[in-house]
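Data block below; observations after.
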Amino acid sequence: MTGPTETAALATRVRALLEAHWDPARGYCVPNPSTYPHLWLWDSCFHAVIWAHLGDDRAVTELTAVLDGQLAGGLVPHMRYGPEPPDAWLGPLPTSSSLTQPPMFGHAARVLAAHGLTVGPDVLERARRGLDWLWEHRRAPDGLLYIVHPWEAGNDHSPRWDDWGAPGRTAADYDRAARSAWNAARVHDLAFAADGAATWSSSFVVEPAAFNAYVAFNLAELADVLDDDELAGRARELAEASDRLLWDGESALWADLPVVGGGPSARIPISDGVMGALVTGNAGKAHAALDQLTRPDRFGAPAGPANVARRHPSYDPGMYWRGAAWPHLNYLLHLALRRWGRDDEASALAARTREISAASGWAEYWHAETGAPLGAVPQSWTGLALAMDER
């Protein structure tokens, strides 16, 4: 267990991390000033969670900044641009992307409320509208939600996208330029609504297991804040649809379902397939998936959980989204373990995440076998280690 002295020391370091990335003029933390100088949807929602654990009312400011970018129809963009737009074309809008990302603003609102921070009714209403937009504009006839670009999933270069032609089957063809070019091409395949929101793709549409779990989770979290039975019902409905249509009994994971493009790679075992445990009502499925977080033949790497099953041919523990360990995923998996009463495992995951986060210099992600820092260093969301409490 982490004692009060260790927790206070960690909080001091995490506060320094966020302070260094805080932009008071724009009201949010940049994930990394050099590599990621813009606002990202779920990054800033995670920053709000961290600020709340620090007892800092910038949690409210950061959550407000996320929702200030909301489009007229309700989509919350996955990026709001900083002083300069990004190099890649992300849609027709001048100040934000036309894509979305896992809507962690429902969870952030609940965490802020639990820490006694007041989120104004206008911000909560925008959060509800953001979830309404997904429900009304991205729900397929089968009851699941779909995305139209890999960036919307959060794990934009997962091996699950291999059958859509994503670069990355070998280290040689997986450099940043190749990834950026492929993703940029996917943006040019999009159709857009009048307000600029992406609505469909001619090359990439998929119903992802984790994205559906994240939306159901955030529906339930915001429902708790608003005491909203309709949102709670949607959360249950989406979780049930995921159990019915995405559960893969062979792998004991939830798996993605291609709609346009794709193929068998959609069923490659990645830790996204465990995220249904955040929302499922089926204890057998939840425990079968969570069991794999510590199995050495699955996701149980020394610095893990690894993002890809360790014995799968695509596993590369030092490669971006092809096997590395990610602190924000650890945070969500920690919540899932707590939900199902697996407190010893949750505490162990929290302790390991805290240790590696600090030792890595708050790296964006790290080598799943060694814990060596990877990606942007430091990265603000890695401060989530503080929010993985052991109570």
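The working numbering applies: residue 8 is where the sequence shown begins, and numbers increase by one.
Don't be surprised by glycine CBs; every beta carbon is placed ideally from N, CA and C.
Whole-Å CB distance - residue 283 paired with residue 249, under 8 angstroms assumed: 6 angstroms
Residue 73, enclosing beta strand (DSSP E) - first and last residue: Residue 73 -> not in any beta strand (DSSP E); alpha helix (DSSP H) instead, spanning 65 to 75.
Stretch pair the segment 18 to 29 + the segment 371 to 384: three plus CB contacts closer than 8 angstroms: no
Supposed close pair residue 38, residue 47 - CB separation, criterion 8 angstroms: 6 angstroms
Classification of residue 228 by the beta-carbon crowding that lies within 10 angstroms, buried from 16 upward: Residue environment: residue 228 is assigned as buried (16 or more neighbouring CB atoms within 10 Å of its CB, all protein chains considered).
Residue interval of the alpha helix (DSSP H) (run including residue 297): 290 to 297
Where the beta strand (DSSP E) through residue 197 begins and ends: 197 to 199
Spatial distance of residue 265 from residue 204 (CA atoms): For residue 265 and residue 204, the distance between alpha carbons rounds to 21 angstroms.
Inter-residue spacing [alpha-carbon to alpha-carbon] between residue 376 and residue 296: 21 angstroms
Runs of beta strand (DSSP E) lying entirely within the segment 196 to 277, each at least 3 residues, in chain order: Runs of the beta strand (DSSP E) inside the segment 196 to 277: 197 to 199, 205 to 208, 212 to 214, 264 to 267.
Rounded straight-line distance, which links the Cα of residue 34 to that of residue 68: 6 angstroms
Selected residue, minimal CA-CA separation from residue 171, among 270, 346, 115: 270
Within 8 angstroms, strictly: CB atoms of residue 78 and residue 115: Not in contact: residue 78 and residue 115 (Cβ atoms no closer than 8 angstroms).
Per-residue DSSP class, three states only, for residue 51: For residue 51, the secondary structure class from DSSP, reduced to helix, strand or coil, is helix.
Cβ shell of residue 45 (< 6 angstroms), same chain only, five flanking positions each side left out: Cβ within range, chain order: 86, 88, 89.
Start-to-end residues for the alpha helix (DSSP H) that takes in residue 132: 128 to 144
Residues that residue 380 bridges to, as DSSP identifies them: 373
Beta-carbon spacing of residue 152, residue 211 below 8 angstroms: no
Residue 353 versus 55, 134, 342, residue with shortest Cα-Cα distance: 342
DSSP bridge partner residues for residue 86 (one or two, in chain order): 47
Residue of 36, 186, 143 minimising C-alpha distance to residue 326: 186
Sheet register partners of residue 21 (DSSP bridge): DSSP output for residue 21 lists no bridge partner at all.
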